[in-house]
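Here the structure comes first, spelled out in structure tokens, and everything after it is commentary.
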């Protein structure tokens with residue numbers, strides 16, 4: 001968490017990243033950029049899922065509908081912040097010639113998406129509607 | 131030296147092109163959200179708050195589109211510079227703002 005706060009500063013201070021180590025092969029930077037964009041799309045898809053729950057499950061009880069939608073929107077926000085944080089960490093590791101950072105986030109996100117999906121199937125099939 | 135320079139001019143792995151398409155896909159995903167926001171605002175009897183949230187979503191999507199457009203322009207050079215952290219952070223903040231608009235529309 002403390003490292004995350006330190007990284008937030010780096011998002012807006014490109015000079016500090018450029019001061020460290022050497023510039024990696026531009027292709028590595030572009031690959032890192034694509035990974036960042038893939039995570040950003042994941043975040044956007046989760047947010048889109050939040051919108052979709054609200055619109056395509058109108059018969060659901062208010063609490064369930066809003067709860068599921070907010071869970072998906074929240075997961076999207078987390079995913080977006082994590083995307084830029086991981087991008088900065090990878091960029092810095094490449095400049096310093098260190099190993100790329102490992103992360104538990106993909107596994108955690110997988111579990112969260114599975115839980116939300118099961119909740120949605122249960123809610124829709126078992127007819128906890130209206 | 132000539133063949134080597136030709137190879138340097140165009141990456142055989144097409145990395146800049148792939149990155150350009152990744153930006154395009156990202157803006158496309160943003161477009162889906164903007165459309166869903168529009169639908170949500172119009173479907174809910176179009177209250178003023180819904181219209182404002184949908185308009186904000188559209189504006190944020192245009193912001194993402196602008197960022198992508200500038201980055202795609204930069205990627206046209208044979209050896210593009212790395213993505214600026216400010217651009218990455220702005221794209222993420224647009225995404226988060228879209229989620230906030232979504233929360234406003236849902237609740």
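Protein chains in written order, with my numbering: chain C, 1 to 130; chain S, 131 to 237. Idealized CB from N, CA, C, for every residue including glycine. As the structure is a computational prediction, the values presented were derived from the model and not from experiment.
1) Taking the continuous alpha helix (DSSP H) assigned at residue 24(C), which residues delimit it?
2) What does the alpha-carbon distance come out to for the pair residue 191(S) and residue 71(C)?
3) For the stretch 206-218 of chain S, list every residue whose C-beta sits within 8 Å of some C-beta in chain C, in sequence order.
4) How many Å lie between residue 221(S) and residue 63(C) at the Cα?
5) Kindly give me the distance between the Cβ atoms of residue 82(C) and residue 159(S), rounded to whole angstroms, as I take these residues to be in contact under 8 Å.
6) If you draw a straight line from the C-alpha of residue 39(C) to the C-alpha of residue 87(C), how long is it?
7) Comparing C-alpha positions only, which one of 80(C), 28(C), 110(C) sits nearest to residue 97(C)?
8) Whose Cβ in chain S lies nearer than 7 Å to the Cβ of residue 37(C)?
9) Let me know if residue 99(C) comes out buried or exposed under the rule of 16 or more other beta-carbons within 10 Å of its beta-carbon.
10) Whole angstroms are fine: how far does the CA of residue 7(C) sit from the CA of residue 95(C)?
11) Of the residues that make up the stretch 54-67 of chain C, which ones have a beta carbon closer than 7 Å to any beta carbon in chain S?
12) Just the C-alpha distance for residue 201(S) and residue 58(C), rounded to the nearest angstrom, thanks.
13) Taking 8 Å as the cut-off, does the stretch 184-199 of chain S touch the stretch 148-166 of chain S (at least 3 CB pairs, one atom from each stretch)?
14) Using only CA atoms, which one of 215(S), 233(S), 211(S) lies nearest to residue 76(C)?
15) For chain S, find out if any of its Cβ atoms is closer than 8 Å to the Cβ of residue 130(C); answer yes or no.
16) For the stretch 72-90 of chain C, which residues have a beta carbon sitting closer than 8 Å to at least one beta carbon of chain S?
17) Would you say the beta carbon of residue 223(S) comes nearer than 7 Å to a heavy atom of the ligand FAD?
18) Please list, in chain order, all residues of the same chain as residue 23(C) whose beta carbon is under 6 Å from its beta carbon, the five residues on each side excluded.
19) Which residue wins for smallest C-alpha separation from residue 37(C), given the options 179(S), 170(S), 172(S), 148(S)?
Put simply:
1) No alpha helix (DSSP H) contains residue 24(C), which DSSP labels as neither H nor E.
2) 22 Å
3) 209, 210, 211, 212, 213, 214, 215, 216, 218
4) 31 Å
5) Going by Cβ atoms, the distance from residue 82(C) to residue 159(S) rounds to 17 Å, so no, they are not a contact pair.
6) If I take the Cα positions, the gap works out to 10 Å.
7) 28(C)
8) 152, 153, 156
9) Exposed is the call here.
10) Each residue's Cα considered, the two are about 15 Å apart.
11) 54, 55, 66
12) Residue 201(S) and residue 58(C): Cα-Cα distance of roughly 39 Å.
13) yes
14) Selection 215(S), 233(S), 211(S) evaluated against residue 76(C) yields 233(S) as nearest (Cα-Cα).
15) Because residue 130(C) sits at a pLDDT of 49, beneath the cut-off of 50, its placement in the model cannot be relied upon, and the point is left open.
16) 73, 74, 76, 77, 80, 81, 83, 84, 87, 88
17) The model on display carries no ligand, and the ligand FAD is accordingly not part of it.
18) none
19) Nearest of 179(S), 170(S), 172(S), 148(S) to residue 37(C), Cα basis: 148(S).
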